[in-house]
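Below is one structure, written out as structure tokens; the observations come after it.
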Amino acid sequence: MGEEKTFDYLKKLNANISQYPKSNLVTSNLVRGEVAESIGFTHAYITEKEKGNPIEYVIPEGKVGYALGGTSIVKNARNLDNAKLFADFVLTKEIQELPWREHHLYQLPSVVGAEVSPLMPNVKQLDFVEYDFDKFGSSEEGKHLINKWVEDVKLGDKLVK
């Protein structure tokens, strides 16, 4: 789609957005009836539906976005050996499945071979966006896109220049 077309779309979408909540407020505001629709991660809607809340989620046709979580070791960590052990631990099949098996949290595991909750959509049927992680993972590009979104979309005409 390209950056300019994307921002043109986001400006039009913004006219229908009443609030930009953070993290779990996306589904909390929906459940409380503060909004009629919200845009968020599938796993959060599945959790709310499982709690008995009368909500549904829809995955749009076309390319589907996603976010990657990760684990890392802090440079010059005081206890590097244990940090490595912890990183290896969280990347085991058992620990990757633990959130959905034990805690009703439905993020997709990032380890090949880990089972996905049967409540999640079949990811093999989704057409994921192909990101250029070198470009869009850079701090400079992230700052540029966030600043552009804040100035052009969220604040838009309200911004005093």
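Numbering of the sequence shown is given in numbering that gives the first Met the number 0, commencing with residue 0 and proceeding in unit increments. Note that beta-carbon positions come from the ideal geometry of N, C-alpha and C, so glycine has one too.
(message) Taking only three categories from DSSP, how would you classify Val73?
(response) Coil at Val73, not helix or strand.
(message) Here's a check: name, in chain order, each residue in its chain whose Cβ is nearer than 7 Å to the Cβ of Phe88, leaving out the five neighbours to either side.
(response) Ile94
(message) Going by DSSP in three states, Phe127 sits in which element: helix, strand or coil?
(response) strand
(request) Can you say whether Asn108 is buried or exposed, counting buried as having 16 or more other CB atoms within 10 angstroms of its CB? (result) The amino acid occupying residue 108 in the given sequence is Pro; Asn does not appear at that position. Counting Cβ neighbours within 10 Å, Pro108 comes out buried, since at least 16 surround it.
(message) What would DSSP say about Lys10, mapped onto helix, strand or coil?
(response) Three-state DSSP puts Lys10 in a helix.
(message) So, does the stretch 9-29 touch the stretch 141-158, judging by three or more C-beta pairs under 8 Å?
(response) yes
(message) Measuring only the C-alpha atoms, how far is Ser22 from Glu101?
(response) 21 Å
(message) Determine whether the beta carbon atoms of Asn58 and Tyr105 lie at a separation below 8 Å.
(response) Reading off the sequence shown, one finds Ile at residue 58, where the question assumed Asn. No.
(request) For Lys62, name the three-state secondary structure that DSSP assigns. (result) Lys62: strand per DSSP, three-state reduction.
(message) Considering Cα atoms alone, identify which of Lys50, Val63, Gln18 is closest to Phe166.
(response) Within the shown structure, residues of the chain are numbered from 0 to 160, placing residue 166 beyond reach of any answer.
(request) For Glu49, count neighbouring C-beta atoms within 10 Å of its own C-beta (all shown protein chains included) and say buried if the count is 16 or more, exposed if not. (result) Taking every protein chain shown into account, the CB of Glu49 has fewer than 16 other CB atoms within 10 angstroms, so this residue is exposed.
(request) Note down, in chain order, each residue of its chain lying with its Cβ closer than 6 Å to the Cβ of His42, except the 5 sequence neighbours on either side. (result) Leaving aside the five residues that flank His42 on each side, the residues in its chain whose CB is nearer than 6 Å to its CB run, in chain order, Tyr105, Gln106.
(request) Using beta-carbon positions only, say whether Val30 and Glu47 come within less than 8 Å of one another. (result) Cβ distance < 8 Å, so Val30 and Glu47 count as in contact.
(request) For Pro120, collect the residues of the same chain with a Cβ closer than 7 Å to its Cβ; drop the 5 residues on either side in sequence, then sort them by chain order. (result) Thr41, Ile58
(message) If you reduce the DSSP assignment to three classes, tell me which class Ser138 lands in.
(response) Under the three-state reduction of DSSP, Ser138 is assigned to helix.
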